[in-house]
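Student: Once you've had a glance at the structure underneath, I'll fire off some questions.
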Amino acid sequence: MLLCVALTLAVAGTAPVAQGPSPAPITIVSPQGRRSLTVTTVNGGDYLSLDDVAAALGLTLRDDRVTGTTTVAAGGRSAVLTPERNVVSAQGRLVSLAAPPLRQDGRLVVTPEFVTRVVGVLLDRRVDFRRAGRLFVIGDLRVPRVVVRGEFAASAAQVTFEIAPATEPTVTRTGSELVVTFAADAVDAAVPTVPANPLLQGIRQGDGASLVLATGPRFQSHRATVQPIDAGTTRLVIDLLAAGAETLTPAAPAPPPPAPPAAGAGDPGPAPSLPPPGGFRTIVIDPGHGGEANGTEGPGGTLEKTVTLQVSRRLKALLEGRLGLRVILTREDDRTLDQDARAAIGNNNRADLFVSIHANAAVRPTVKGAEVYYLSVDRASLESRRAIQQPDEPLPQLGGGTRAIELILWETAQLRHLEQSATFAALIESALRGKVEMSPRPVQQAPFRVLVGANMPAVLVEIGYLSNPDEEKALTSAAHQDKVALAVFEAIAAFRGRLEKPAQ
Ligand SMILES: [Zn+2]
Numbered sequence: 021m022l023l024c025v026a027l028t029l030a031v032a033g034t035a036p037v038a039q040g041p042s043p044a045p046i047t048i049v050s051p052q053g054r055r056s057l058t059v060t061t062v063n064g065g066d067y068l069s070l071d072d073v074a075a076a077l078g079l080t081l082r083d084d085r086v087t088g089t090t091t092v093a094a095g096g097r098s099a100v101l102t103p104e105r106n107v108v109s110a111q112g113r114l115v116s117l118a119a120p121p122l123r124q125d126g127r128l129v130v131t132p133e134f135v136t137r138v139v140g141v142l143l144d145r146r147v148d149f150r151r152a153g154r155l156f157v158i159g160d161l162r163v164p165r166v167v168v169r170g171e172f173a174a175s176a177a178q179v180t181f182e183i184a185p186a187t188e189p190t191v192t193r194t195g196s197e198l199v200v201t202f203a204a205d206a207v208d209a210a211v212p213t214v215p216a217n218p219l220l221q222g223i224r225q226g227d228g229a230s231l232v233l234a235t236g237p238r239f240q241s242h243r244a245t246v247q248p249i250d251a252g253t254t255r256l257v258i259d260l261l262a263a264g265a266e267t268l269t270p271a272a273p274a275p276p277p278p279a280p281p282a283a284g285a286g287d288p289g290p291a292p293s294l295p296p297p298g299g300f301r302t303i304v305i306d307p308g309h310g311g312e313a314n315g316t317e318g319p320g321g322t323l324e325k326t327v328t329l330q331v332s333r334r335l336k337a338l339l340e341g342r343l344g345l346r347v348i349l350t351r352e353d354d355r356t357l358d359q360d361a362r363a364a365i366g367n368n369n370r371a372d373l374f375v376s377i378h379a380n381a382a383v384r385p386t387v388k389g390a391e392v393y394y395l396s397v398d399r400a401s402l403e404s405r406r407a408i409q410q411p412d413e414p415l416p417q418l419g420g421g422t423r424a425i426e427l428i429l430w431e432t433a434q435l436r437h438l439e440q441s442a443t444f445a446a447l448i449e450s451a452l453r454g455k456v457e458m459s460p461r462p463v464q465q466a467p468f469r470v471l472v473g474a475n476m477p478a479v480l481v482e483i484g485y486l487s488n489p490d491e492e493k494a495l496t497s498a499a500h501q502d503k504v505a506l507a508v509f510e511a512i513a514a515f516r517g518r519l520e521k522p523a524q
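Number 254 in my numbering belongs to position 234 of the sequence shown; there are no gaps in the numbering.
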């Protein structure tokens, strides 16, 4: 039996609440350097000593005993606050705060909001509070947001860093630690807690813009891969390998994609290795974007999330009505859904095929045509696939303990299906051709996140360019949406036909 498991470390929206009396400090990052500030909890909220803030940022404070006010000044600018009052006068403007400055053990304390809204005015600079990483960023500094996830088994572990805006990381090993340094002034990262495992003991903030991985007793070597995800995001994947795992991973090039099937009817081309016939039942269709994610927007205001849902519904009706297949949409309505959750819906339903529907955009309005994608992989992913192909390894559970199962890491789930994904992509291309405009590069490979974790043949179809006014108009029409849905339907029927054809 095949089980697909992804252990994803939850990165909380805010830093974890510290155990014990003192909450985690907040760091000020400015062109002058870094300064860590002690945090006090008052009424359940974070407060900072105004003296500390003033010392860190070069502000002067003056108490007026007669009026009970305090004046905060910097470079000829000033603000006047009164303890217990939510309204502060900054450069003559009234700033209303969610929580007032307070007197606490004889000292004035203020909230992070006071620093961003009042101190920002005094410094005449942008002050950002990054809640997850507990950072103030003063002025125009490069402070990328880094989301850290990890997956762990006995002989391999993988830690993924998604870095936005795109920033170059470097990984160096010093003794038992791996230091990830980002080409930036600081890093805004919520560092997750690592479950007990023999390869990685923990992750913590390092000096400057760095994160430190403390390796465990079985750790022997690592491999780091950097790949751009899109213009705004870089992904760094670090594979941690146990002693002995190294010898299992000879370098191998990516498998060549199979030849596309001949366009003519009657010649199905060479069939890839096939599952037993009769097993093709469930299809997951993924309408791209949704909810808060509009996707791309056409010049006439058409949203990608709307078109993808409409086409997906038409495709579902065709598949159910004509082939009697079980069809699941990853979303039935306008809702937000992350990329991994979409693939997980395919995996949890043991889908035989996964089709993600999107519409494209380009800077030049003349760019047009449909494109079909399947996953591109780098060599390191293939190597890590070999490293983890050891069935029945005990797998640490999030709740503690271990369980022996066949392990497929999320990052490598799609690898075993690539050949069939390429075949399916070629079938969609030939079904679309003649019905709709095709891009000059109709079949491509790309590292789309939504395809990575899908444990079945999976493709992503960009059904046209919403940025092209003619295609935008076509994509909103029922007739054109039907054409697209019918082409994908025909490709699915052809793909099923190949699988169910008895092997020679
Ligand atoms: Zn899209």
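Don't be surprised by glycine CBs; every beta carbon is placed ideally from N, CA and C.
Compute the Euclidean distance between the alpha carbons of Val100 and Val232, then round it to the nearest angstrom.
Tutor: Looking at the two C-alpha atoms, the distance is approximately 42 Å.
Student: Closer than 5 Å between the C-beta and any heavy atom of ligand 2: which residues qualify, listed along the chain?
Tutor: This structure lacks ligand 2; its bound ligands are ligand 1.
Student: I believe Val508 touches Val327 by the beta-carbon criterion, under 8 Å. Please report the beta-carbon distance rounded to the nearest angstrom.
Tutor: Not confirmed; about 14 Å, so no contact.
Student: Identify every run of the beta strand (DSSP E) within the stretch 322-405, keeping only runs that are complete inside it and at least 3 residues long; order them along the chain.
Tutor: Complete beta strand (DSSP E) runs here, min 3: 346-349, 373-380, 390-395.
Student: Could you have a look at Phe181 and say whether DSSP puts it in helix, strand or coil?
Tutor: Note: Phe181 maps to strand in three-state DSSP.
Student: Check whether chain B comes within 9 Å of Gly344, counting only Cβ atoms and requiring the distance to be less than that.
Tutor: Within the model displayed, chain B is absent; a lone protein chain is all it includes.
Student: Are the stretch 360-367 and the stretch 486-501 touching, with three or more C-beta to C-beta distances below 8 Å?
Tutor: Result no; under three Cβ-Cβ pairs closer than 8 Å.
Student: Give me, in chain order, the residues of the same chain whose beta-carbon lies closer than 6 Å to that of His309; leave out the 5 immediate sequence neighbours on both sides.
Tutor: Cβ within range, chain order: Gly315, Glu324, Lys325.
Student: Are at least three pairs of beta-carbons, each pair with one atom in the stretch 116-136 and one in the stretch 51-68, less than 8 Å apart?
Tutor: Short answer: they touch.
Student: Closer than 8 Å by C-beta to Gln524: which residues in its own chain qualify, once you throw out the five before and the five after it? Chain order, please.
Tutor: With a pLDDT of 46 at Gln524, under the threshold of 50, the modelled position of this residue cannot be trusted; read the value that follows with caution. Same-chain partners within the cutoff: there are none.
Student: Taking the alpha helix (DSSP H) that Gln440 falls in, what are its first and last residues?
Tutor: From DSSP, the alpha helix (DSSP H) with Gln440 extends over 438-452.
Student: Of all the options Ile223, Gly252, Ala263, which has the alpha carbon lying nearest to the alpha carbon of Arg238?
Tutor: Checked all of Ile223, Gly252, Ala263; the closest Cα to Arg238 is Ala263.
Student: Could you spell out the range, first to last residue, of the beta strand (DSSP E) harbouring Pro120?
Tutor: Careful: Pro120 lies outside any beta strand (DSSP E) and carries neither H nor E.
Student: Suppose the cutoff is 7 Å on Cβ atoms and the five residues either side in sequence are ignored; what does the same chain contact list for Pro185 look like?
Tutor: Closer than 7 Å at the Cβ level, and outside the excluded window around Pro185, lie Pro164, Gly252.
Student: Quick check on Gly484: does DSSP put it in helix, strand or coil?
Tutor: Reduced to three states, the DSSP call for Gly484 is strand.
Student: For Thr180 and Asn369, what's the separation of their Cα atoms in angstroms?
Tutor: If I take the Cα positions, the gap works out to 26 Å.
Student: Measuring CB to CB, does Pro248 end up less than 9 Å from Ile158?
Tutor: Against a cut-off of 9 Å, the Cβ pair of Ile158 and Pro248 comes out as no contact.
Student: Thr254 and Pro212: beta carbons closer than 9 Å?
Tutor: It is not a contact, given that the beta carbons lie outside the stated cut-off.
Student: Measuring straight from C-alpha to C-alpha, what distance separates Leu142 and Leu155?
Tutor: Taking the straight line from one Cα to the other gives about 19 Å.
Student: As a quick exercise: from Arg127, Leu338, Glu133, Tyr67, pick the residue whose alpha carbon is nearest that of Val115.
Tutor: Of the candidates Arg127, Leu338, Glu133, Tyr67, the one whose C-alpha sits nearest the C-alpha of Val115 is Glu133.
Student: Since Leu128 contacts Leu70 with CB under 8 Å, what's their CB separation in whole angstroms?
Tutor: Yes, Leu128 and Leu70 are in contact; Cβ-Cβ is about 4 Å, under 8 Å.
Student: For the stretch 376-386 against the stretch 466-485, are there 3 or more C-beta pairs whose distance is under 8 Å?
Tutor: The stretch 376-386 vs the stretch 466-485: in contact.
Student: Go ahead and label Val86 buried or exposed: buried means 16 or more other beta carbons lie within 10 angstroms of its beta carbon, across all protein chains shown.
Tutor: Classification of Val86: exposed, given that the 10 Å Cβ count is below 16.
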